[in-house]
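Numbering-wise (this note's numbering), the sequence shown opens with residue 3 and increments by one. For glycine and all other residues, C-beta sits at the position ideal for the given N, C-alpha and C. Bear in mind the structure is a predicted one, so any value in this text is a computation, not a measurement. Comments concern the structure below.
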Amino acid sequence: MELDVVAESSDGKALLVGEVKLSATALEIERIHKQLHEKADQLPFAKHYQKVEAVVFSASGSHLKERAKGVVLPDLLRVLV
Numbered sequence: 003m004e005l006d007v008v009a010e011s012s013d014g015k016a017l018l019v020g021e022v023k024l025s026a027t028a029l030e031i032e033r034i035h036k037q038l039h040e041k042a043d044q045l046p047f048a049k050h051y052q053k054v055e056a057v058v059f060s061a062s063g064s065h066l067k068e069r070a071k072g073v074v075l076p077d078l079l080r081v082l083v
């Protein structure tokens, strides 16, 4: 199993699993998001979290701005900087 991002929230109640893509279409985002949840279900430690969030990070794709399942990295960087 391959996951690009695995992170725990600072309070230890939530787990984030993610995949990073250079670019992705809306249909690819939907497919990858579903696969991430399926992978997270296979993680033995995931059941200990109250919430498991799956996110697809993409370097480009303005169509992602309207989707909660995908994050466009340039937008994320603007927020963080």
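Check, Outcome
"Length of the line joining the Cα atoms of L66 and I31", "For L66, the pLDDT reaches just 46, beneath the cut-off of 50, and the residue's location in the model is therefore unreliable, although a value from the coordinates is still provided. Those two C-alpha atoms are separated by around 8 Å."
"Of the listed residues Q44, G20, G14 and K49, nearest to E55 (C-alpha basis)", "G20"
"Helix, strand or coil at E4 [DSSP, three-state]", "coil"
"Beta-carbon proximity list for A48, same chain, < 7 Å, skipping 5 on both sides", "L17, A42 and V54"
"Cutoff 7 Å; reference E68; Cβ partners in own chain excluding five residues on either side", "Since pLDDT at E68 reaches only 46, below the 50 mark, its modelled position is unreliable, and no value is offered."
"Three-way DSSP call (helix, strand, coil) for K23 in this model", "strand"
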